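For what it's worth, the working numbering labels the leading residue of the sequence shown as 130, then goes sequentially. Don't be surprised by glycine CBs; every beta carbon is placed ideally from N, CA and C. Quick caveat: nothing in here was measured; it's all calculated off a predicted structure. Input: a single structure, listed below in structure tokens.
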Amino acid sequence: QVQLVESGGGLVQPGGSLRLSCAVSGSIFSIYAMGWYRQAPGKQRELVATSTSGGIINYAGFVKGRFTISRDNAKNTAYLQMSSLKPEDTAVYYCNAVVNGRQGYWGQGTQVTVSS
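Right under this line is the structure:
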């Protein structure tokens, strides 16, 4: 059984920063890709950033250099460093991983609220 647990969300003022973490645990043989998605109220879940084990990184256009995804493979953990946060970044942020060749592993989500 594989579990993903996110942490690091919270309330931050516009222009502030947060770092999200996603730890994968369980029966892990390989983690091909890890990524971050977000879902704002009334909107569909959307891609934020992904990172493969081969070092391929992909960002959504709205990131525009403000967010950085990284991975600590020894800890089976991915991070999302977010800077210059805007109110429109407010959403539940979800971690996703491709583990042991299977897609569809999701965390429970962590709330990020950007407000003054």
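In three-state DSSP terms, what is Gly194?
coil
Alpha helix (DSSP H) segments (min. 4 residues) lying fully within the segment 199 to 234
none
Does DSSP classify Ile157 as helix, strand or coil?
coil
Can you round the beta-carbon distance between Ser244 and Pro216 to whole angstroms, since I take them to be within the 8 Å contact cut? 6 Å
Residue span of the beta strand (DSSP E) that contains Ser182, given as start and end: Run containing Ser182: none; DSSP gives neither H nor E here.
Could you check the C-alpha separation between Val228 and Trp165 for me, to the nearest Å?
15 Å
Does the segment 136 to 151 come into contact with the segment 171 to 191, if we say contact requires no fewer than three beta-carbon pairs (one atom in each stretch) closer than 8 Å?
no
Alpha-carbon to alpha-carbon, Ser159 and Gly230
7 Å
| query | Buried or exposed: which applies to Glu175, given that a residue is buried once 16 or more other Cβ atoms fall within 10 Å of its Cβ? | reply | exposed
- [ ] Just tell me which of Val131, Ala152, Gln130 has its CA closest to the CA of Thr239.
- [x] Ala152
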